[in-house]
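From first to last, the protein sequence lines stand for chains A and B.
Each residue of the first sequence is one higher than the one before, counting from 1 in the UniProt record's numbering.
Each residue of the second sequence is one higher than the one before, counting from 1 in the UniProt record's numbering.
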Amino acid sequence: MPYHALRSFVMSSAECRRSVRTVASICSAHFHSWPSPSNPSPLLRPTNRLGSLATWERATPRRSFHSSPPTRHNEVKRPEPGSGITVHFKDAKGTLLKTVEANEGDSILDIAHEYDIDLEGACEGSVACSTCHVILPPEYYDLLPEPEDDENDMLDMAFGLTDTSRLGCQVKLTKDLDGITATLPSATRNMFVDGTKPTKH
Amino acid sequence: MSRPLKLAVIGGGPSAFYVASRLLSLVPQSSATPLNIHLYDKLWAPHGLVRYGVAPDHPEVKNCVHKFDGAALDPRLKFFGNVSISSKPSSLPYNINHPLSALYPYYSHILFSSGCPIPTANPVLPFENGKCVPALSLVHWYTLHPSSLQNRLPSMKSTSHVTLIGQGNVSLDIARILLGGAGRLEKYDVPESVLQVLRESDIRHITIVGRRGPAEVKFTAKEVREMMTLEDVAFIPIEDTVLSEARNHDLSRQQKRIMELLKAGSKAKPGTTKKSWSLEFYRLPHGFASNSSGQTLSLDVTALNPSRTQAVSTGVTTSLKTDLVVTSLGHTIDPSNPAPSQFYNMDLGRMRTSTAHRGRVVIPSSPNSDATSGEALTASAEERLVKNMYASGWAATGARGVLAATLIDAHAVAESILSDHFSASTKSQSESTSLLNPSPHLSDPPPFISSALAEGRITSYEDWKVIDAEEVRRGQVKDGKERERMDWEEVLRSGLIRRT
Chain A
1 MPYHALRSFV MSSAECRRSV RTVASICSAH FHSWPSPSNP SPLLRPTNRL GSLATWERAT
61 PRRSFHSSPP TRHNEVKRPE PGSGITVHFK DAKGTLLKTV EANEGDSILD IAHEYDIDLE
121 GACEGSVACS TCHVILPPEY YDLLPEPEDD ENDMLDMAFG LTDTSRLGCQ VKLTKDLDGI
181 TATLPSATRN MFVDGTKPTK H
Chain B
1 MSRPLKLAVI GGGPSAFYVA SRLLSLVPQS SATPLNIHLY DKLWAPHGLV RYGVAPDHPE
61 VKNCVHKFDG AALDPRLKFF GNVSISSKPS SLPYNINHPL SALYPYYSHI LFSSGCPIPT
121 ANPVLPFENG KCVPALSLVH WYTLHPSSLQ NRLPSMKSTS HVTLIGQGNV SLDIARILLG
181 GAGRLEKYDV PESVLQVLRE SDIRHITIVG RRGPAEVKFT AKEVREMMTL EDVAFIPIED
241 TVLSEARNHD LSRQQKRIME LLKAGSKAKP GTTKKSWSLE FYRLPHGFAS NSSGQTLSLD
301 VTALNPSRTQ AVSTGVTTSL KTDLVVTSLG HTIDPSNPAP SQFYNMDLGR MRTSTAHRGR
361 VVIPSSPNSD ATSGEALTAS AEERLVKNMY ASGWAATGAR GVLAATLIDA HAVAESILSD
421 HFSASTKSQS ESTSLLNPSP HLSDPPPFIS SALAEGRITS YEDWKVIDAE EVRRGQVKDG
481 KERERMDWEE VLRSGLIRRT
């Protein structure tokens, strides 16, 4: 079942009620980062959960889908609408998931995470896995420099490998890649975030 | 409020965490379905093979733990370390031990992510004489795995030649660690005691033996490339006839690239280096004899069937003098733990799972079968789904696949768990009645877990993060080493696990 359908399955109107949560219960919820020697008593920062109580979009902080502290990924800034490099993300069946804009130098993996596309990056862009494998259209694939040995070594093991496959973390966007489509491979089983509009209850 | 999903996960490694992470992200905290996930691991530290299997000089793979840390921030997830869920006493002295059935009243669902902990043995290469060890014991040694306390590795001091049986990445990892020298490992997380042994070791040659040919090797290009570029280590070239014969077959992209690397050989030319390694093809261990002058491994020359899937002895044997034999033949499951024997397929070395319903555990449905009877059946008779029980990772697929495969499998199993929970449709397969509790306490672990946790005998994820920080700190003071691993006794001595 596609991820977006599964998610709404879970959140169907018969299933869900907006839970009544007091401010106190939210503030007692949990930390945003692990206490560490340099951060022995982290402040309970207010989360956008307070603001999104009225929505179903996300009940947990923005980046928690990828479950890593915000500093983990390369910080991606969203360009002014209309001024960036357009990237289309599609699922394995060819259905458009999202069309987004990126800046020069952003990698497809970074963009996917910024816009909550269901593309994993287990090794976080260090060419040590194949979980960010994407399939590109031939005309865009040919514009890119050849993969290095290390990327090819990881692509060897990617599921659903094609002649125009690349690791998303190694594809850095440039102006001439405007309009590129990144297709999630078929072995990434139907998982993608839909950007469903919240349902008000 | 909807039916609770209170899931006990047996295992706290990457599969367990990927399934848990996926469930937590698919079920918002505001959902009417109370979701709680408790991970149990027999080791005091989480992350399974990521911490105790990935080679020390491959640290990037371990970046995946950041996602696991993120999942553990969710209050619906708890980790309990040092807990052995097993019908027999644990070999780890500090474990709290409980049988699987002890969990049944407290959970509505169980997921087996318990991996394949048993190294596959070769009956002609017994481990008792001390000169033949499973590769896993070396991996445990250089990762300071708790079981290494019980392992007795032979001294490496008089070890000049090592033979590895099995041509997979574990063999290459071990060859690289043993031959590459301590210097290149110092910045990673190899324990000081291991580095010391490596500094004093005088291993000159490693032979890696496989029963089939170059086209059938299981190691991958990255690891071959690393071996070929090791300083002061030469690869003894493969005979042209062996290579060209292998290239006559239909090779995949991956195989072609590996063959090219094997043909190109090492950066360091043979004869110019102190250390070397080689690959022996079409050889199957026949016997291993120890006498006063050393060890001799006798190997059968093999021939392959037309499809190249089977290697049979031709009757011709060769022999190899060696100081240490390490078998690296893959892994399999413990046939009766943590689940009842009926849940396992010993022919395949994994749990029985449904082909139609991803991740669902099945048992043979012969007339007298029920989920608690003791026999492990290998025939695949009619199978029944075991209600609310799932398996993921190597426990379900067998011991194959790197992190990407684990991730994809985990996502599929998480989807299976949720669609079963939320859908009212009847299954195409018959299903046993549930052994679990459809209305457990929503978030508490069993009282025997809470009490052991309160006594400090069980580690929580918070405990792990404190120890994690300390390991990193201890590494920092050693010239910026990635971390200095601690064992359980050091953890206890450090007083880091605080209990009120």
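Beta carbons are placed, not taken as given, at the ideal position from N, Cα and C, and that holds for glycine.
What residue from the options has the CA that sits closest to residue i's CA?
i, options, result
"residue 145 of chain B", "B:121, B:221, B:4 and B:46", "B:46"
"residue 550 of chain B", "B:279, B:457, B:110 and B:226", "Chain B is shown only over 1 to 500; residue 550 of chain B falls outside these bounds and no answer can be derived."
"residue 282 of chain B", "B:269, B:436 and B:303", "B:303"
"residue 452 of chain B", "B:18, B:83 and B:72", "B:83"
"residue 335 of chain B", "B:94, B:70, B:35 and B:116", "B:116"
"residue 89 of chain A", "A:119, A:103, A:76 and A:78", "A:119"
"residue 145 of chain A", "A:159, A:165, A:161 and A:82", "A:165"
"residue 90 of chain B", "B:338, B:134, B:56 and B:61", "B:338"
"residue 404 of chain B", "A:159, A:178, A:99 and A:153", "A:159"
"residue 184 of chain A", "A:176, A:148, A:117 and A:155", "A:117"
"residue 196 of chain B", "B:100, B:213 and B:177", "B:177"
"residue 125 of chain B", "B:354, B:383, B:327 and B:100", "B:327"
"residue 4 of chain B", "B:19, B:17, B:29 and B:18", "B:29"
"residue 135 of chain A", "A:180, A:33, A:83 and A:100", "A:180"
"residue 227 of chain B", "B:264, B:201 and B:132", "B:264"
"residue 81 of chain B", "B:101, B:460, B:486 and B:499", "B:460"
"residue 256 of chain B", "B:214, B:279, B:267 and B:242", "B:214"
"residue 463 of chain B", "B:384, B:347, B:494 and B:31", "B:494"
"residue 34 of chain A", "B:19, B:67 and B:24", "B:67"
Under the assumption that residue i contacts residue j (Cβ atoms under 8 Å), give the Cβ distance between them as a whole number of angstroms.
i, j, result
"residue 108 of chain A", "residue 171 of chain A", "5 Å"
"residue 275 of chain B", "residue 179 of chain B", "5 Å"
"residue 261 of chain B", "residue 289 of chain B", "Their Cβ separation, rounded to whole angstroms, is 35 Å, which puts residue 261 of chain B and residue 289 of chain B out of contact at 8 Å."
"residue 110 of chain B", "residue 98 of chain B", "Between residue 98 of chain B and residue 110 of chain B the Cβ distance is about 13 Å, and since that is not below 8 Å, they are no contact."
"residue 22 of chain B", "residue 414 of chain B", "4 Å"
"residue 387 of chain B", "residue 416 of chain B", "Actually they are not in contact, since the Cβ atoms of residue 387 of chain B and residue 416 of chain B sit about 13 Å apart, beyond 8 Å."
"residue 141 of chain B", "residue 205 of chain B", "The Cβ separation is near 20 Å, so there is no contact."
"residue 285 of chain B", "residue 122 of chain B", "6 Å"
"residue 311 of chain B", "residue 212 of chain B", "5 Å"
"residue 155 of chain A", "residue 186 of chain A", "At roughly 15 Å, the Cβ-Cβ gap does not stay under 8 Å, so residue 155 of chain A and residue 186 of chain A are not in contact."
"residue 191 of chain B", "residue 234 of chain B", "No, residue 191 of chain B and residue 234 of chain B are not in contact; Cβ-Cβ is about 29 Å, not under 8 Å."
"residue 384 of chain B", "residue 429 of chain B", "7 Å"
"residue 101 of chain A", "residue 79 of chain A", "5 Å"
State the DSSP-derived secondary structure class of residue i, mapped to helix, strand or coil.
i, result
"residue 233 of chain B", "strand"
"residue 421 of chain B", "helix"
"residue 184 of chain A", "coil"
"residue 187 of chain B", "coil"
"residue 2 of chain B", "coil"
"residue 116 of chain B", "coil"
"residue 228 of chain B", "helix"
"residue 518 of chain B", "Coverage of chain B is limited to positions 1 through 500, which leaves residue 518 of chain B absent and any answer about it impossible."
"residue 300 of chain B", "strand"
"residue 408 of chain B", "helix"
"residue 176 of chain B", "helix"
"residue 580 of chain B", "Past the boundaries of the shown model lies residue 580 of chain B; chain B is included only from 1 to 500, so the question cannot be answered."
"residue 9 of chain B", "strand"
"residue 490 of chain B", "helix"
"residue 364 of chain B", "strand"
"residue 294 of chain B", "strand"
"residue 380 of chain B", "Because the pLDDT of residue 380 of chain B is 45, which lies under 50, any placement of that residue in the model is unreliable, and the number read from its coordinates should be weighed accordingly. Coil."
"residue 498 of chain B", "coil"
"residue 175 of chain A", "helix"
"residue 106 of chain B", "helix"
"residue 14 of chain B", "helix"
"residue 44 of chain A", "Residue confidence is low: residue 44 of chain A scores 30 on pLDDT, short of 50, so the model does not pin down where it sits. No coordinate-derived value is stated."
"residue 63 of chain B", "helix"
Relative to the ligand NAP, is the shortest distance from any of its heavy atoms to the C-beta of residue i smaller than 7 Å?
i, result
"residue 57 of chain B", "Judged by which ligands are present, the structure shown has none, so any question about the ligand NAP falls away."
query = Fully enclosed by the region 108–155 of chain A, which beta strand (DSSP E) runs are 3 residues long or longer?
reply = As summarised for the region 108–155 of chain A, the continuous beta strand (DSSP E) elements at least 3 residues long and confined to that stretch are 133–135, given in chain order.
query = Which runs of the alpha helix (DSSP H), 4 residues or longer, sit entirely within the region 135–173 of chain B?
reply = Uninterrupted alpha helix (DSSP H) stretches at least 4 residues long and entirely within the region 135–173 of chain B occur at 135–143, given in chain order.
query = Do the region 8–21 of chain B and the region 32–45 of chain B touch if we need at least three Cβ pairs shorter than 8 Å?
reply = Cβ pair count under 8 Å is three or more, so yes.
task = Please confirm if the region 353–368 of chain B is in contact with the region 150–170 of chain B, defined as three or more CB-CB distances below 8 Å between the two stretches.
result = A contact is defined here as three or more CB-CB pairs under 8 Å, and the region 353–368 of chain B fails this definition with respect to the region 150–170 of chain B.
request  = Could you tell me whether the region 121–128 of chain A touches the region 60–70 of chain B, where touching means 3 or more Cβ pairs closer than 8 Å?
outcome  = Between the region 121–128 of chain A and the region 60–70 of chain B there are three or more inter-stretch CB-CB distances shorter than 8 Å, so the stretches are counted as touching.
Every unbroken beta strand (DSSP E) inside the region 66–93 of chain B [3 residues or more] = Counting only runs of 3 or more, we get 77–81 and 83–85.
request  = Output the residue ranges of the beta strand (DSSP E) runs that lie fully inside the region 310–357 of chain B and measure 3 residues or longer, sorted by chain position.
outcome  = Complete beta strand (DSSP E) runs here, min 3: 311–322 and 324–327.
Completely contained beta strand (DSSP E) runs for the region 204–281 of chain B, where each covers 3 or more residues = If we require 3 residues or more, the beta strand (DSSP E) runs fully inside the region 204–281 of chain B come out as 205–209, 233–235 and 275–280.
task = Output the residue ranges of the beta strand (DSSP E) runs that lie fully inside the region 16–47 of chain B and measure 3 residues or longer, sorted by chain position.
result = Runs of beta strand (DSSP E) with 3 or more residues, each lying fully within the region 16–47 of chain B, are found at 35–41, listed in chain order.
key: Ranges of the beta strand (DSSP E) found wholly within the region 83–109 of chain A, counting only runs of at least 3   = Taking only runs of at least 3 residues, the beta strand (DSSP E) segments lying wholly in the region 83–109 of chain A are 85–90 and 96–102.
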